[in-house]
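Data block below; observations after.
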Amino acid sequence: MIAFAQTSDALRPWLGGDFLSRNAEVAERVTHKLNAFTINRDEVPQVAQWVNDLLFLSVRDFTRGKMVLQMDDDLFVRVRVSDFALMVDDVLYLLFHNMPREMPYFVLIRDYSVRQGSLSALRALYLDYHMFQTPEEWDTVRRVITSCHEPFRFRAWINSQ
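Put into structure tokens, the structure is as follows:
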């Protein structure tokens, strides 16, 4: 079960504590959507799009279209359209991490990582689903992570295994 605080923590670097404290319902709705995910009913790309739309529209409405938010260090940052895909991907790790460690979920995450280029899916494969992979496959996942994504997105967790 994904906690509201986990969702807020994943979004805080992107949206800042000010936005999240004034718009707590946004993180609550995202948390609810992720917790309601069922492998036989839902598709990860559709959930990702729903979260993306919710975040974009919420920021747009809150900023009256300026897309500038105050971060926790008191700096003001313009949130770019491309940032939403990255923040949604970060939030999706909560979904992947909380899925059962079973083959159907491994396949779903692996397929999503290939089709979408998702760092969060690769993170889940690397940290949470290594038991389904050969050492060579696991090394390949690590190589893809470190060669295809910016270091700021993985340096905190890549060496934890």
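Just so we're aligned, residue 143 is where the sequence shown starts under the numbering used here, counting upward by one.
Glycine included, C-beta positions come from ideal geometry on N, C-alpha and C.
Sub-8 angstroms separation of Val-210 and Val-219 beta-carbons: Closer than 8 angstroms, so yes.
Per-residue DSSP class, three states only, for Phe-218: In the structure shown, Phe-218 sits in a strand (DSSP, three-state: E or B).
Supposed contact pair Ile-181 and Pro-246 - C-beta distance, whole angstroms, cut 8 angstroms: Right, the Cβ-Cβ distance comes to about 6 angstroms (below 8 angstroms), so this counts as a contact.
Limits of the unbroken beta strand (DSSP E) element including Gln-275: It is not in any beta strand (DSSP E) - Gln-275 carries neither H nor E in the DSSP assignment.
Through-space distance from Trp-280 to His-272, alpha-carbon basis: In a straight line, the C-alpha of His-272 is about 6 angstroms away from that of Trp-280.
Paired residues, beta bridge with Leu-211 - DSSP: Paired residues: Val-219.
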